[in-house]
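Trainee: The UniProt record's numbering puts the first residue of the sequence shown at 1, with every later residue one more than the last.
Sharing a structure here in structure tokens format.
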Amino acid sequence: MSTWASGSWTCSTRRSPTPTAGAALPSTSPRVSLSATDCYIVHEIYNGENAQDQFEYELEQALEAQYKYIVIEPTRIGDETARWITVGNCLHKTTVLAGTACLFTPLALPLDYSHYISLPAGVLSLACCTLYGISWQFDPCCKYQVEYDAYKLSRLPLHTLTSSTPVVLVRKDDLHRKRLHNTIALAALVYCVKKIYELYAV
1 MSTWASGSWT CSTRRSPTPT AGAALPSTSP RVSLSATDCY IVHEIYNGEN
51 AQDQFEYELE QALEAQYKYI VIEPTRIGDE TARWITVGNC LHKTTVLAGT
101 ACLFTPLALP LDYSHYISLP AGVLSLACCT LYGISWQFDP CCKYQVEYDA
151 YKLSRLPLHT LTSSTPVVLV RKDDLHRKRL HNTIALAALV YCVKKIYELY
201 AV
């Protein structure tokens, strides 16, 4: 393992041996160590036919090790990870916005017409919350966001990379975000059940 330090940052890179063609990735490889490190770099080094699998394996290990920053040099896996995070963010925002619309529409529109907007919005909020919970909530990638801040990026050792457009992930606490959209979705569910009962109860 090689280390690089500048200012308050410490960045480590670990180049795992690439598996031979046809060989399965080792399931018992040691996990990336987090001790005294803030950044992990997935280097774009092609040493065999399974290089892409090795990149994915290293990224998974770095995510599970909870590094503060993860730099993804391979373009393909970097773009896929950024899109995955973007979709998760979209589901979260849709859950919150649609749920808010569901809850506040009855306060802004006449009761006779508000349910035409509030019920579809509530259903959309619940659908997005459910999909997020199934596909994203327990994925370690959901705790990361793509870093665009030029100042913070300038403090990372990006000059050591061969790629000019690496994807940089930063770990962020998503506890409050999850609580927010779960609370709003739950409130929307309660409203929808109550409103449907009022509309169709005999």
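Quick reminder that beta carbons are idealized off the backbone N, C-alpha and C, glycines included.
What residue does the alpha helix (DSSP H) around Leu103 start on, and which one ends it?
Mentor: Per DSSP, Leu103 belongs to the alpha helix (DSSP H) from 75-108.
Trainee: Which of the three DSSP states is assigned to Ile45 in this structure?
Mentor: Coil, per DSSP.
Trainee: At which residues does the alpha helix (DSSP H) containing Gln61 begin and terminate?
Mentor: Unbroken alpha helix (DSSP H) run through Gln61: 51-64.
Trainee: According to DSSP, is Leu158 helix, strand or coil?
Mentor: Reduced to three states, the DSSP call for Leu158 is helix.
Trainee: Out of curiosity, what's the CA-to-CA distance linking Thr75 and Asp53?
Mentor: Between Thr75 and Asp53, the C-alpha separation is close to 14 Å.
Trainee: Less than 6 Å between C-beta atoms, sequence neighbours within five positions excluded: which residues of the same chain meet that for Leu161?
Mentor: Answer for Leu161: Glu73, listed in chain order.
Trainee: Distance check for Ala201 and His84, CA to CA, integer angstroms please.
Mentor: Correcting the residue identity first, residue 84 is Trp in this sequence and not His. Between Trp84 and Ala201, the C-alpha separation is close to 42 Å.
Trainee: Is it true that the CB of Val146 sits closer than 9 Å to the CB of Thr86?
Mentor: A contact, by the Cβ cut-off of 9 Å.
Trainee: Would Lys195 pass as a contact of His115 if the rule is Cβ separation under 9 Å?
Mentor: The answer is yes: Cβ separation under 9 Å.
Trainee: Which of the three DSSP states is assigned to Tyr148 in this structure?
Mentor: Coil at Tyr148, not helix or strand.
Trainee: Can you find at least 3 beta carbon pairs, one from the region 116-125 and one from the region 152-160, that sit closer than 8 Å?
Mentor: Contact between the region 116-125 and the region 152-160 is absent, because fewer than three Cβ pairs lie under 8 Å.
Trainee: How far does the alpha helix (DSSP H) with Tyr197 in it extend, from its first residue to its last?
Mentor: Unbroken alpha helix (DSSP H) run through Tyr197: 175-200.
Trainee: Relative to the C-alpha of Arg171, which residue among Trp136, Tyr113, Tyr67, Ser163 is closest?
Mentor: Comparing Cα-Cα distances from Arg171 to each of Trp136, Tyr113, Tyr67, Ser163, the minimum goes to Tyr67.
Trainee: At what residues does the alpha helix (DSSP H) containing Tyr69 begin and finish?
Mentor: Segment 69-72 is the beta strand (DSSP E) holding Tyr69; no alpha helix (DSSP H) there.
Trainee: Asp38 lies in the alpha helix (DSSP H); which residues open and close that run?
Mentor: Taken as a continuous stretch (DSSP letters only), Asp38 belongs to no alpha helix (DSSP H), as it is neither H nor E.
Trainee: Tell me whether Asn47 is buried or exposed, calling it buried when 16 or more other Cβ atoms sit within 10 Å of its Cβ.
Mentor: Per the 10 Å Cβ criterion, exposed.
Trainee: How should Pro166 be labelled, buried or exposed, when 16 other C-beta atoms within 10 angstroms of its C-beta is the threshold for buried?
Mentor: Result: buried.
Trainee: Taking the alpha-carbon positions, what's the Ala62 to Ser135 distance?
Mentor: C-alpha separation (whole angstroms): 20 Å.
Trainee: Taking the straight line between their C-alpha atoms, what separation do you get for Glu198 and Val96?
Mentor: Those two C-alpha atoms are separated by around 25 Å.
Trainee: Using CA atoms only, rank isn't needed, just tell me which of His43, Cys39, Leu109 is closest to Ser164.
Mentor: For the residues His43, Cys39, Leu109, the minimum Cα distance to Ser164 belongs to His43.
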